[in-house]
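Engineer: Taking full-length UniProt numbering, the leading residue of the sequence shown gets 1, the next gets one more, and so forth.
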Amino acid sequence: MSNKELLSNTSLIVGCWQLDDRSWKQISENDIARALDIYLALGINTFDTADIYGRSESVVGRLLKGRDRTIFTKAVFFGNVPTPAQIKSKIEASLRNLQQETLDCVQIHWHNPQLDFASTFAAFKDLLEQGKIRQLGVTNFNTPMLEKAVEYAPISTHQVQYSLIDRRVENSMQALCLKHNIALLPYGPLAGGFLSEKFRGVTSPPSESSHARSFYYNSMIRAHGGWKPVLEMLETLAQVAQKYNKTISQVALNWVKQQPGVAAVISGFTTDRQQIQKNVEALSWSLDKEDLQLLCQSSDALFKQPGDIYSYER
Ligand SMILES: NC(=O)c1ccc[n+]([C@@H]2O[C@H](COP(=O)([O-])OP(=O)(O)OC[C@H]3O[C@@H](n4cnc5c(N)ncnc54)[C@H](OP(=O)(O)O)[C@@H]3O)[C@@H](O)[C@H]2O)c1
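1. Since V138 contacts I91 with CB under 8 Å, what's their CB separation in whole angstroms?
2. Look at the alpha carbon of N140 and the alpha carbon of T157, and state the distance between them as a whole number of angstroms.
3. Of the residues R167, G201, I87 and E147, which one's Cα is nearest the Cα of H224?
4. Which partner residues of P205 appear in the DSSP bridge assignment?
5. Along the chain, where does the alpha helix (DSSP H) containing R134 start, and where does it finish?
6. Could you work out which residue in A123, L146, R213 and L178 is closest to F194 when comparing CA atoms only?
7. Return the CA-CA distance between T270 and G226, expressed in angstroms with no decimal places.
8. Taking the alpha helix (DSSP H) that C177 falls in, what are its first and last residues?
9. Check F121 in the structure and name its three-state DSSP category.
10. Check the DSSP bridge columns for C105 and list the partner residues they point to.
11. Following a CB-centred definition, is H111 positioned closer than 7 Å to any heavy atom of ligand 1?
12. Using the three-state DSSP reduction, which class does D21 fall into: helix, strand or coil?
13. Quick one, which of S298, C296, S209 and V160 has its alpha-carbon nearest Y187's?
14. Going by alpha carbons, who is nearest to T236 out of H180, N218 and L294?
15. Which runs of the alpha helix (DSSP H) at least 4 residues long sit entirely within the segment 211 to 284? Give them in chain order.
16. Locate the beta strand (DSSP E) running through Q159, then write down its first and last residues.
17. If the criterion is Cβ atoms closer than 8 Å, does the pair G54 and R34 meet it?
18. Spatial neighbours of A118 within its chain, please: CB distance less than 7 Å, with the 5 preceding and 5 following residues excluded, ordered by chain position.
19. Using a Cβ-based criterion (distance less than 7 Å to any ligand heavy atom), does S94 qualify as near ligand 1?
20. In its own chain, which residues sit with a C-beta less than 6 Å from the C-beta of I13, not counting the 5 before and 5 after it?
21. Leaving out five residues on either side along the sequence, give the residues of the same chain with a beta carbon under 7 Å from the beta carbon of N171.
22. Check for me: the beta strand (DSSP E) holding V14 runs from which residue to which?
23. How would you call T73, buried or exposed, if buried means at least 16 neighbouring beta carbons within 10 angstroms?
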């Protein structure tokens, strides 16, 4: 199945990191099931999860079993170069958790850029040929890593952080993905929820040390210039939103979707019915060219874009 086919009927992917209750607030399985039903009823049936998101893979696998769904997962490697046996066993675990015979897409995430490309990608190519994986993607690869990866295996997608605050992808990665026809799948389009009405006029971001919005997106915001520019960005977003009778978060999502090379936007799972509906509706219309430019100019003036993809997180 080609990349185009896997993503052909959606511009929104539901990010399931939120089901990892070590990083996000606790959600009961009943509430997860209810929210998944809402997404499916609204025609959204593509999900993103990972081997390292706690219970996420197994809950998604169980609750979506037998439903028409596409699931992107990840194989995340810390530390040493994995052996082919370790890679195989990771994939077998994801197949069991997701209750699938073939994984739709596996995205490789490598914390150490000194990846042994030849052996790692040879192992993944074997799994593609055996039909254990339909499609291969990567996430958080920097530009030199992706340039090297395409020499070893067919890479269909690249999952990167991309929002009006974090536009590091535009420094060099976006052009490389366009050149190789690799679909960009942006995560964190709302900066963990900060790019929404809820934080307009809030003088400082809440500090919830155990919540990913704080420990992940607050530190990104600090690296890009701090909270004050975020408040100014929210005012520009509100101005544009009013023109279209939309919300701030809808404009923020729509802007990301319209960037070159973006195939679909990964929006983090929420149980709030209204937020789900707003997020789905956010991608069914288009910002005008002049408003896309206005948002770019405002973001350019407010935020720094330090380095390449995942450079300061690594
Ligand atoms: N590859 C990687 O390294 C990596 C890193 C991070 C994320 N990801 C993936 O990308 C997905 C999306 O990123 P993300 O969840 O971190 O960030 P995000 O989509 O920017 O933010 C998600 C949060 O925003 C809030 N939200 C959702 N819709 C909203 C709306 N309409 N108005 C206001 N708030 C709204 C929700 O919080 P409440 O429900 O509390 O309101 C939700 O938890 C993740 O779930 C994960 O699958 C991948």
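Ideal placement from N, C-alpha and C gives every residue a C-beta, glycine not left out.
Structural biologist: Taking the definition as stated:
1. Wrong, their Cβ atoms sit about 15 Å apart, outside the cutoff.
2. When only Cα atoms are considered, N140 and T157 end up about 11 Å apart.
3. When only C-alpha atoms are compared, the closest one is R167.
4. DSSP output for P205 lists no bridge partner at all.
5. Here R134 belongs to no alpha helix (DSSP H); instead the beta strand (DSSP E) covers I133 to T139.
6. With distances taken between Cα atoms, F194 lies closest to R213.
7. The alpha-carbon atoms of T270 and G226 are separated by roughly 26 Å.
8. Here the alpha helix (DSSP H) through C177 covers M173 to H180.
9. It is helical.
10. Paired residues: F72 and Q135.
11. Answer for H111: no, Cβ out of range of ligand 1.
12. Three-state result, D21: coil.
13. Nearest C-alpha to Y187 among S298, C296, S209 and V160: V160.
14. Ranking H180, N218 and L294 by Cα distance to T236 puts L294 first.
15. Counting only runs of 4 or more, we get 219 to 224, 227 to 244, 248 to 257 and 273 to 281.
16. Where Q159 is concerned, the enclosing beta strand (DSSP E) starts and stops at T157 to Q161.
17. Result no, Cβ atoms of G54 and R34 do not sit closer than 8 Å.
18. Only Y152 meet the Cβ criterion.
19. Checking every heavy atom of ligand 1 against the Cβ of S94, none is found closer than 7 Å.
20. Closer than 6 Å at the Cβ level, and outside the excluded window around I13, lie T46, D48, A264 and I266.
21. If we look at N171 and ignore the five residues flanking it on each side, its Cβ neighbours are Q305 and D308.
22. Taken as a continuous stretch (DSSP letters only), the beta strand (DSSP E) holding V14 covers L12 to G15.
23. Of the residues assessed, T73 falls on the buried side of the cut-off, its CB having 16 or more other CB atoms within 10 angstroms.
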